[in-house]
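Chains as they are written, first to last, in the numbering used here: chain A, 1 to 397; chain B, 398 to 794.
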């Protein structure tokens, strides 16, 4: 059981703000600033280069990997932190292609987050004209698991609608066709229970600045199944993935296990901030988080549908088919979201017409949901969004 | 002119330590901890997702790129921060290969830092058997600039000996043969004046945790020459390099100019720490830093050679041919370095027998050099290194 009152008390939540955008950037854990400050003063400041050993900086990537791994059903020792999600997508897909050398197609869907498609496209363009990125509708993925597909690359939870792919079934169907799977857990890790081991997943990747609350630019993670790891060529074969980084050999030899998926020098400030966030996650279990998340989302949907007839639900109504977010469509969604934000309810807009709200039980409760519904209803029913200043698009939305 | 007393006062330097390893990890700028703490509390904490616009997080990668760019002679708007040096090596070499599609060879030298070779090797293995990583001795590079070479990938300053490649001459000779150049400035940026524009360099990359003092895991940078940037396919084509990241288009279109070399979400904590470091660098000019660095290195060499006959200079004697470091060979170099470190002089060891000392005028002065020489002489002349505990190798050296 998770004590949500206790976890909520461990975050800094600004006065007068209801933060429903933790699916984009999680809030600051109260302990994070001191934790990072102490690391900077006492470790970087006092130990300097010896901090890599003495302060355990070099071991953080794997230690944090295991803590994240618990939330996504990974076997211990099979998740490691590093780089950005985009880079980890590239590494996972390149490594997966390598395990399936006679095939040239990467299959994905058009509900995937664009950077996954961009990174795969960039990789395949480098590999040559005989490689293909095949993008189908999310509902057509199962029918497109054909014998020419090398890698199935999917994001489990759609970033706009929250629709959840059936990881268990799709992995099984893909593997039956000799396809290697890469699962992006950006909107899954900390949002719903994931069972990578139980699903027999091949590769998984994700980020830690959303539901995991690691902070802006927190590192990504990568998972490789135990049955593959000793065969995997990391593709991005950096020195920290080498068997003996400090031997400075001229030839690359992959390190043991998941360590080989490391690339360059780890971002110690970001990792330290993530540690403070994972201290909170260590108090939580994903089953109660999931139950509470569905409860909050259902409450929000019921409230908005009762009070805002102009908004159309864009997320699955069945909580089991939905991530930890609720999206509504509105033709002036961008302006409406700006007006809602101006009233202190922070959600975000996703083109072309999606108003997106994330529900994160670690620090959002029923009172927040009810208050948010009232504010959104006020904005919608009084057309408070219909002002020119709300229609000017910012660079980052 | 740089006021070195003023810059020295802006770093935290532990009592009783003479830090000659700033070529591996620079010390903590005094302002950095508060700067990062303020960013965490006031920006992440209070602004949350809106910090990307309101606090200017999204603009940091280019703004810092220009500040680093001044130190390496880059045209404004042609350097951007991101990822790690290993990742940027990969991106630069892949992009450079793309500009030279009929050739299949990447030429480098065996004085290069291993991760550069590992990353290139990983890339070329992905591209296929017809690609080749050709590694020659540093002194043989010029003779190996043959018509089949696509890319010349060199680190300007040898990480072990400090030997400096002639960037101007090698770039010119390479380009005369139709070869695209990639220069790694890991041990150059902040160590000696680099003139990328004047040398007509094609690509350059580097890190910011060494001489630039950005902190452990500080981000890397990449430079692309103005004449290439609009033709470059970034290879690692992430969403933040897209023309319109927040349009969430399914197809990748490279962004304008150097922005296209961005990949994923930037590490805002690390970038903020780097800002504090660059505030100090903004007070410095590379000509006086270089003159002082040569003076300090010469003083160190003279002192060690006068007092430690067992140590053999492994760096060029001519300051112009040397980076901002001095290396000596000793058959028990590892143990000797541990003994020296135990006495408060921090250098590092590089296999097989190199004792390496970095000289960084922003915070190291003549008094430090003289005191370090005396301590090293005491260790060497009294065989203080000859203890079993100094011979046990740590994981990270």
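Idealized CB from N, CA, C, for every residue including glycine.
Does any CB atom of chain B fall closer than 8 Å to the CB of residue i?
i, result
"residue 68 of chain A", "no"
"residue 374 of chain A", "no"
"residue 392 of chain A", "no"
"residue 309 of chain A", "no"
"residue 264 of chain A", "yes"
"residue 27 of chain A", "yes"
"residue 37 of chain A", "yes"
"residue 110 of chain A", "yes"
"residue 57 of chain A", "yes"
"residue 270 of chain A", "yes"
Please classify residue i: does DSSP put it in a helix, a strand, or coil?
i, result
"residue 147 of chain A", "coil"
"residue 324 of chain A", "coil"
"residue 662 of chain B", "coil"
"residue 90 of chain A", "helix"
"residue 409 of chain B", "strand"
"residue 242 of chain A", "strand"
"residue 252 of chain A", "coil"
"residue 760 of chain B", "coil"
"residue 312 of chain A", "strand"
"residue 416 of chain B", "strand"
"residue 726 of chain B", "strand"
"residue 623 of chain B", "helix"
"residue 141 of chain A", "coil"
"residue 494 of chain B", "helix"
"residue 290 of chain A", "helix"
"residue 68 of chain A", "helix"
"residue 103 of chain A", "coil"
"residue 697 of chain B", "helix"
"residue 435 of chain B", "helix"
Once the 5 residues before and after residue i are set aside, which same chain residues still bring their CB inside 8 Å of it?
i, result
"residue 541 of chain B", "504, 531 and 533"
"residue 598 of chain B", "564, 568, 578, 580, 620 and 622"
"residue 12 of chain A", "27, 28, 29 and 30"
Does residue i get closer than 8 Å to chain A when you measure Cβ to Cβ?
i, result
"residue 645 of chain B", "yes"
"residue 429 of chain B", "yes"
"residue 639 of chain B", "yes"
"residue 522 of chain B", "yes"
"residue 542 of chain B", "no"
"residue 481 of chain B", "yes"
"residue 491 of chain B", "yes"
"residue 441 of chain B", "yes"
"residue 745 of chain B", "yes"
"residue 438 of chain B", "yes"
In chain D, what lies closer than 9 Å to residue i by C-beta?
i, result
"residue 193 of chain A", "Checking the listed chains, one finds no chain D in this structure; the protein chains it contains are A and B."
Taking 7 Å as the cut-off, is the beta-carbon of residue i closer than that to any non-hydrogen atom of the ligand FMN?
i, result
"residue 15 of chain A", "Of the ligands one can find in the structure shown there are none, so the ligand FMN has no counterpart to examine."
Using DSSP's beta-bridge definition, name the partner residues of residue i.
i, result
"residue 581 of chain B", "B/552 and B/602"
"residue 505 of chain B", "B/532"
"residue 81 of chain A", "A/221"
"residue 745 of chain B", "B/753"
"residue 560 of chain B", "B/719"
"residue 29 of chain A", "A/11"
"residue 50 of chain A", "Paired residue(s): none; residue 50 of chain A is not in a bridge."
Can you give me the Cβ contacts of residue i inside the same chain, cut-off strictly under 7 Å, excluding the 5 residues immediately before and after it?
i, result
"residue 196 of chain A", "72, 73, 74, 204 and 223"
"residue 36 of chain A", "269, 272 and 273"
"residue 716 of chain B", "691, 694 and 695"
Could you pull out every residue in the same chain whose Cβ sits closer than 6 Å to the Cβ of residue i, ignoring the five residues on either side in sequence?
i, result
"residue 111 of chain A", "138 and 158"
"residue 165 of chain A", "154 and 156"
"residue 585 of chain B", "553, 554 and 591"
"residue 293 of chain A", "324, 359 and 361"
Within this structure, are the beta carbons of residue i and residue j separated by less than 8 Å?
i, j, result
"residue 678 of chain B", "residue 614 of chain B", "no"
"residue 659 of chain B", "residue 458 of chain B", "yes"
"residue 270 of chain A", "residue 214 of chain A", "yes"
"residue 297 of chain A", "residue 340 of chain A", "no"
"residue 860 of chain B", "residue 517 of chain B", "Since the first residue shown for chain B is 398 and the last is 794, residue 860 of chain B is missing from the structure and cannot be characterised."
"residue 264 of chain A", "residue 669 of chain B", "no"
"residue 631 of chain B", "residue 492 of chain B", "yes"
"residue 524 of chain B", "residue 127 of chain A", "yes"
"residue 161 of chain A", "residue 336 of chain A", "no"
"residue 618 of chain B", "residue 697 of chain B", "no"
"residue 20 of chain A", "residue 232 of chain A", "no"
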